[in-house]
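Just below is one structure, and these are the notes that go with it.
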Amino acid sequence: MQKVTQLCKRKSASFTPLAVLCAAIFSQPSFAGSWQQNVSIGGFNNVHIYTPDTQSSIGNGHSLMLVLHGCVQPINNYLTANLEDAAEAHGMVIAVPDAMNKAGYSCWSYWQGAINRSSGDYKNLINLANTLSGDAARNIDPKQVYIAGLSSGAAMAAQTACVAPDVFAGVAPSAGPTIGTSSSGAISTCETVSENTFVSRCESYAGSYKDHFATQIAAIGHGTADTTVNTCYNQQNADGFAALYGVNQLSGTTTISDDATRTAE
Numbered sequence: 001m002q003k004v005t006q007l008c009k010r011k012s013a014s015f016t017p018l019a020v021l022c023a024a025i026f027s028q029p030s031f032a033g034s035w036q037q038n039v040s041i042g043g044f045n046n047v048h049i050y051t052p053d054t055q056s057s058i059g060n061g062h063s064l065m066l067v068l069h070g071c072v073q074p075i076n077n078y079l080t081a082n083l084e085d086a087a088e089a090h091g092m093v094i095a096v097p098d099a100m101n102k103a104g105y106s107c108w109s110y111w112q113g114a115i116n117r118s119s120g121d122y123k124n125l126i127n128l129a130n131t132l133s134g135d136a137a138r139n140i141d142p143k144q145v146y147i148a149g150l151s152s153g154a155a156m157a158a159q160t161a162c163v164a165p166d167v168f169a170g171v172a173p174s175a176g177p178t179i180g181t182s183s184s185g186a187i188s189t190c191e192t193v194s195e196n197t198f199v200s201r202c203e204s205y206a207g208s209y210k211d212h213f214a215t216q217i218a219a220i221g222h223g224t225a226d227t228t229v230n231t232c233y234n235q236q237n238a239d240g241f242a243a244l245y246g247v248n249q250l251s252g253t254t255t256i257s258d259d260a261t262r263t264a265e
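Numbering (my numbering), first residue to last: 1 to 265.
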């Protein structure tokens, strides 16, 4: 960009094709390295969007991650959650929408209504992803669009990934109930879902788009000290997505640690 800036300064004084190009370049909105707060986009009234200075190390341009909040959790919490570090490390645009169709304790209403591409926040999340990836100024690779969430946001993210595997190349539910479960299974109790039922539900949500599961990936996490959402869902969700993708668990365990107190395995 520095070379382009210098070239434009030298050439843009005269009306040439280069001058027109320079004007187009510098008339584009600048998003890099900052949060845009409370953006109305994709059917949502309020979305916080972070666009990094870096590019994804794979594919073309930025990747995109939609991050869905949990119950009683305002999206402003994510402005101080160090998401910028992950965004810059992976060249990833991060968008945090505030659910439009809330239920219970300001939760994503994953247990209510129809689960399809034209309903409620499923429609909004697909529109948000497509609107952002279609914005040339953000330079997002449409093959690197992902969705993640916490608690009710995790269940909503998983169900949305099932609904639209052609849009979402990957999904990362954290501490969330399994797809298709009821609100009664959200607090403490575990609502059992077999692998076959998981696959049947997910494929039914996808309909004619289910062939895209062949290239979709999933990462599932859950804190061992969670006293709200039953930790049974961690293994249940992992087993469900593994069955959906036709993969098997590898032997052994890998432990990851970022400091002396926090580890994952």
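No residue lacks a Cβ here, since even glycine has one placed at the ideal position from N, Cα and C. Computed from a prediction, not measured in an experiment: that's the story for all the values here.
Helix, strand or coil at residue i [DSSP, three-state]
{"i": "Q159", "result": "helix"}
{"i": "D141", "result": "strand"}
{"i": "L64", "result": "strand"}
{"i": "I147", "result": "strand"}
{"i": "S257", "result": "strand"}
{"i": "N234", "result": "helix"}
{"i": "I217", "result": "strand"}
{"i": "A114", "result": "coil"}
For residue j and residue i, the rounded distance between their alpha carbons
{"i": "I58", "j": "A214", "result": "19 Å"}
{"i": "G134", "j": "I140", "result": "7 Å"}
{"i": "N130", "j": "S109", "result": "22 Å"}
{"i": "C22", "j": "N77", "result": "Its pLDDT being 38, under 50, C22 is placed unreliably by the model, and nothing is read from it."}
{"i": "L79", "j": "L64", "result": "17 Å"}
{"i": "T189", "j": "A137", "result": "45 Å"}
{"i": "H212", "j": "I115", "result": "18 Å"}
{"i": "A95", "j": "A218", "result": "19 Å"}
{"i": "Y50", "j": "N38", "result": "11 Å"}
{"i": "E84", "j": "S34", "result": "8 Å"}
{"i": "N230", "j": "I220", "result": "14 Å"}
{"i": "V163", "j": "A157", "result": "10 Å"}
{"i": "A103", "j": "N82", "result": "28 Å"}
Neighbourhood of residue i by C-beta, 7 Å cutoff - its chain only, sequence neighbours within 5 removed
{"i": "G223", "result": "A175"}
{"i": "S118", "result": "none"}
{"i": "D226", "result": "A175"}
{"i": "K143", "result": "G59 and A169"}
Residue i burial status per 10 Å Cβ neighbour count (16 or more: buried)
{"i": "N60", "result": "exposed"}
{"i": "N124", "result": "buried"}
{"i": "Y105", "result": "exposed"}
{"i": "A148", "result": "buried"}
{"i": "D282", "result": "No answer is possible for residue 282: the residues shown for the chain start at 1 and end at 265."}
{"i": "Q249", "result": "exposed"}
{"i": "I256", "result": "exposed"}
{"i": "G113", "result": "exposed"}
Close Cβ partners of residue i (< 6 Å) along its chain, the five nearest in sequence each way excluded
{"i": "T178", "result": "V193, Y233, Q236 and N237"}
{"i": "G43", "result": "N124 and N127"}
{"i": "G153", "result": "L68, H69, G70 and W108"}
{"i": "I75", "result": "H48, H69, V96 and D98"}
Span of the beta strand (DSSP E), counted from its first residue to its last, around residue i
{"i": "S174", "result": "G170 to S174"}
{"i": "A95", "result": "M92 to P97"}
{"i": "S40", "result": "S34 to I41"}
Cutoff 9 Å: residue i Cβ touching any chain B Cβ
{"i": "G42", "result": "Checking the listed chains, one finds no chain B in this structure; it contains a single protein chain."}
Neighbourhood of residue i by C-beta, 8 Å cutoff - its chain only, sequence neighbours within 5 removed
{"i": "S184", "result": "E191"}
{"i": "S182", "result": "W111 and E191"}
First and last residue of the uninterrupted alpha helix (DSSP H) at residue i
{"i": "T51", "result": "Careful: T51 lies outside any alpha helix (DSSP H), inside the beta strand (DSSP E) at F44 to T51."}
{"i": "E195", "result": "E195 to A206"}
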